[in-house]
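Report on the following structure.
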Amino acid sequence: MATVAELLIEGQARLRASGSESPRLDAELLLGHVIGLERTAIIAHPTAAVGDGAAAQYREAIARREAGEPVAYIRGLKEFFGLAFSVDRRALIPRPETERLVELAEAEIVARLTAAPRPAGAPPIEVVDIGTGSGVAAIALAAALSKRGMLHEVRLLATDVSQDAIALARENAVAHAVADRIDFAVADLLPGAVGQFEVVLANLPYVRGDAMAGLPRATSFEPRLALDGGLDGLSVIGRLLERLPSDLARDGVALLEIGGDQGEAIVAEVARRLPGWSCRVELDLGHLPRVARVEREARP
Ligand SMILES: C[S@@+](CC[C@H](N)C(=O)[O-])C[C@H]1O[C@@H](n2cnc3c(N)ncnc32)[C@H](O)[C@@H]1O
Numbered sequence: 003m004a005t006v007a008e009l010l011i012e013g014q015a016r017l018r019a020s021g022s023e024s025p026r027l028d029a030e031l032l033l034g035h036v037i038g039l040e041r042t043a044i045i046a047h048p049t050a051a052v053g054d055g056a057a058a059q060y061r062e063a064i065a066r067r068e069a070g071e072p073v074a075y076i077r078g079l080k081e082f083f084g085l086a087f088s089v090d091r092r093a094l095i096p097r098p099e100t101e102r103l104v105e106l107a108e109a110e111i112v113a114r115l116t117a118a119p120r121p122a123g124a125p126p127i128e129v130v131d132i133g134t135g136s137g138v139a140a141i142a143l144a145a146a147l148s149k150r151g152m153l154h155e156v157r158l159l160a161t162d163v164s165q166d167a168i169a170l171a172r173e174n175a176v177a178h179a180v181a182d183r184i185d186f187a188v189a190d191l192l193p194g195a196v197g198q199f200e201v202v203l204a205n206l207p208y209v210r211g212d213a214m215a216g217l218p219r220a221t222s223f224e225p226r227l228a229l230d231g232g233l234d235g236l237s238v239i240g241r242l243l244e245r246l247p248s249d250l251a252r253d254g255v256a257l258l259e260i261g262g263d264q265g266e267a268i269v270a271e272v273a274r275r276l277p278g279w280s281c282r283v284e285l286d287l288g289h290l291p292r293v294a295r296v297e298r299e300a301r302p
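For reference, each letter of the sequence shown is one residue, going 3 to 302 in my numbering.
Below, the structure written as C-alpha cells:
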C-alpha cells in the first residue's frame with residue numbers, strides 16, 4: 003500500500019509535467035477528495051497508508067486533471083463565500099472575485115432595511131440575480147441575510163438562460179436550505195412582466211470574443227455561454243443595461259460584475275445607453291475594477 007506522501011509526490015510530478023500551475027495543491031485536494039478528508043488532514047499525516055482502491059481512484063482523478071479538467075469539477079465541489087457548492091459542467095465554477103458582488107449586494111440590502119425600518123406589512127425588497135449559474139450569488143446572499151435575520155424582508159429571483167444551470171442552482175438552494183426563499187426562472191436576462199427590482203445583481207459573461215481562445219485550458223470544460231461576452235465582452239451586459247429603465251425600481255441599484263480591464267468601457271457603455279444615469283466602478287481586493295454600480299441618478 004502506498005502512503006499519503008508517496009501518492010502526493012507521484013501526483014504532483016504527473017501534474018507538473020502536464021502543465022498544471024498548482025500541482026501540489028491539486029494533488030492534495032484530489033487525494034483529500036478520494037479519501038474523504040480535508041486537505042489539512044492529508045498534509046498532517048504523510049505516512050498514513052492509503053488503501054489500493056482509494057489509490058486507484060486517486061490516480062483516475064489525477065488522469066482527469068492531467069487532461070485539463072478543473073479540480074472543482076473532479077471534486078464536484080467549490081467553496082464560495084464560506085459555503086460549499088456543488089459544481090459540475092452544467093455551470094461555471096464560481097470565482098472568488100464574485101464574492102465582491104455578493105458583499106456589495108448584501109451591504110446595499112442591509113442599508114435599505116436599516117436606514118428606514120420598513121413598516122409592518124410592507125412588501126419585501128425585490129432582488130434579482132441574473133445569470134445565476136450554479137446559484138452561488140443568490141444563495142450566498144440569502145444565507146448571509148438569513149444570518150442577520152433579514153431574509154424574510156427580501157424576495158429573491160434567480161434567472162439563467164441555461165436550463166441546466168437553473169437545475170443545478172435549485173439543487174444548491176435546497177442543500178443550503180434557502181430554496182423556499184428564491185424563485186428560479188429560465189429566461190433571457192429576465193422573464194417578462196416580473197415587476198421592478200430594487201437590487202439587480204449580475205455576473206454575466208464578459209470575456210471578449212477574441213480572448214476566448216487564449217483562456218486557460220480548464221475553462222474549455224465550462225459552458226461557453228457562461229464566458230463569451232461577444233465582440234467587446236460587454237454585449238450581454240449591454241442588453242441588460244437596456245432593460246434597466248423598465249425593470250429597475252426608481253431608487254434601485256444594479257450591481258454588475260465586469261472584467262478587471264473593463265472599468266472605463268462600462269462607464270462609456272452606461273453613458274451611451276443610459277444618458278443621465280450614474281455608473282461608479284467598485285474595485286476588488288486586488289484594486290482592479292470589478293463591479294459597476296449603475297443607478298438612475300448619482301448619489302452624494
Ligand atoms: C459568468 S457566468 C456566472 C455564473 C454565476 N453567477 C457565478 O457567478 O458563478 C454567466 C452566467 O450567465 C448566463 N447567461 C448568459 N447569457 C445569459 C442571458 N442572456 N440571460 C441570462 N443568463 C445568461 C450563463 O448561462 C451563465 O450561467
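The C-beta atom is built at its ideal place from N, Cα and C for all residues, glycine as well.
Predicted model, so just to flag it, every value in this text is computed and none were measured.
DSSP, read as helix, strand or coil, puts L17 in helix. Excluding five sequence positions before and after L94, the CB atoms of its chain that fall closer than 6 Å to its own CB belong to G135, E224 and A228, given in chain order. Residue burial annotation: L285 is exposed, with fewer than 16 other C-beta atoms found within 10 angstroms of its C-beta. With contact defined as three or more Cβ pairs closer than 8 Å, the region 61-70 and the region 191-202 are not in contact. Rounded to the nearest whole angstrom, the CA to CA distance from D212 to H47 is 46 Å.
Remark: C-beta atoms of L10 and L27 do not approach each other more closely than 8 Å. Of the candidates P207, A57 and V112, the residue whose Cα lies closest to the Cα of D234 is P207.
The three-state secondary structure of S88, taken from DSSP, is strand.
For the region 190-252, the full-length beta strand (DSSP E) segments reaching 3 residues or more read 199-204 along the chain. Taking 7 Å as the cut-off, one finds no heavy atom of ligand 1 near enough to the beta carbon of T5. At a threshold of 7 Å, A228 counts as near ligand 1, since its beta carbon sits closer than that to one of the ligand's heavy atoms. Ligand 1 never approaches V201 closely enough for any of its heavy atoms to be under 7 Å from the residue's Cβ. Burial state of H154 is exposed, judged by a 10 Å Cβ sphere holding fewer than 16 other Cβ atoms. In the DSSP assignment, D131 falls outside any alpha helix (DSSP H) and within the unbroken beta strand (DSSP E) covering I127 to I132.
Leaving aside the five residues that flank G265 on each side, the residues in its chain whose CB is nearer than 7 Å to its CB run, in chain order, V283 and P291. For P98, the distance from the CB to the nearest heavy atom of ligand 1 is not below 7 Å. As DSSP reads the structure, P291 sits in a beta bridge with L285. Exclusion of the five residues before and after E299 leaves S280 as the residues of its chain whose Cβ lies within less than 7 Å of its Cβ.
The beta carbon of S20 sits closer than 6 Å to those of E68, all from its chain and outside the five residues before and after it, given in chain order. Boundaries around T161 are those of the beta strand (DSSP E), V156 to D162, since no alpha helix (DSSP H) includes it.
Beta-bridge partners of T42 (DSSP): none assigned. Contact check for L257 against L159 fails: the beta carbons are separated by 8 Å or more. In the structure shown, E62 adopts helical secondary structure according to DSSP, grouped into three states. At a cut-off of 7 Å, the beta-carbon of S237 does not count as near ligand 1: no heavy atom of the ligand is closer than that. DSSP places T5 within a strand segment (E or B) once states are collapsed to three. Judged by their CB atoms, R92 and A167 are nearer to each other than the 8 Å cut-off. With contacts defined by Cβ atoms closer than 8 Å, A4 and V36 do not form a contacting pair.
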